[in-house]
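By the count of my numbering, the sequence shown reaches residue 159 at its end, each step adding exactly one. Virtual Cβ for every residue (Gly too), placed ideally from N, Cα, C.
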Amino acid sequence: MADIHIEEFYRDSAIALVQLYSVFPRRINLFVEDIAGPDEPDEFGLHSPRHMACFGALLWLEEEGLLRYIDTIRQEALDQAVLTRNAFIRLSTPAPYDLVAALDLPEPGVPAPDDDSLPRSVRQDRSTWVHVLRQSIKGGHSPTLNRAMQAAFFAPAGN
């Protein structure tokens with residue numbers, strides 16, 4: 001079992017990337033509370049460790065070239081965030097059927113290459129990494145989301 005902070009990192013990263021993909025190429029303010037949930041700063045104005053971990057994940061995504069932003073809004077949001085070209089391409093890329101078939105997705109994941117029961121446009125949409133991440137987030141099963149994020153962003157490009 002993975003450490004809880006790594007599971008939260010994968011979940012936060014997946015949610016942020018899917019949010020940005022859903023509005024691409026428009027820039028948006030990416031709020032930590034929309035990803036990690038509500039947070040009440042303590043009497044000194046400091047955020048919870050959970051909030052700060054999510055904020056750190058967003059900053060890390062930028063450092064690794066998956067998103068860009070203009071500025072931070074305190075430690076509460078990224079101002080004018082957008083996916084980078086590499087992240088957009090990765091999320092739009094078809095996921096390998098064999099790899100995704102092994103995931104425990106709540107709904108059918110990537111359609112089989114010879115599945116003619118769906119229109120071609122639907123098959124193409126459901127074969128992308130962003131669809132796999134959406135399904136993994138929806139399923140709420142951390143090991144599935146962890147494996148999906150590892151496969152989507154830590155596998156060599158084109159896989």
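Thinking C-beta only, is residue j closer than 7 Å to residue i?
i: L67; j: L46; result: no
i: I28; j: A16; result: no
i: V32; j: E63; result: no
Cutting at 6 Å between CB atoms, please list the residues of its own chain near residue i, excluding the five before and the five after it.
i: D71; result: D79
i: A57; result: F9, D12, S13
i: S48; result: D39
i: D3; result: none
Take residue i and list the residues in its own chain whose beta-carbon comes closer than 8 Å to its own, dropping the five residues that flank it on each side.
i: R134; result: V18
i: A53; result: H5, E8, F9, D12, A36
Using the rule of at least 16 other Cβ atoms within 10 Å of the residue's Cβ for burial, across every protein chain shown, is residue i buried or exposed?
i: F55; result: buried
i: H131; result: buried
i: H5; result: exposed
i: P44; result: Reading off the sequence shown, one finds Phe at residue 44, where the question assumed Pro. Exposed, by the Cβ-count rule.
i: F154; result: exposed
Can you find a CB in chain C that lies within less than 7 Å of the CB of residue i?
i: D39; result: The structure shown has no chain C; it contains just one protein chain.
From the DSSP secondary-structure annotation, give me the bridge partner or partners of residue i.
i: P94; result: T128
Among residues of its own chain, excluding the 5 on either side of residue i, which ones have a beta-carbon nearer than 7 Å to its beta-carbon?
i: W129; result: R90, L91, T93, A95, A152
i: P25; result: V82
i: H51; result: V32, A36, D39
>> In chain order, what are the residue ranges of uninterrupted beta strand (DSSP E) at least 3 long that sit wholly in the stretch 11 to 92?
In response: 28 to 31, 71 to 73, 77 to 83
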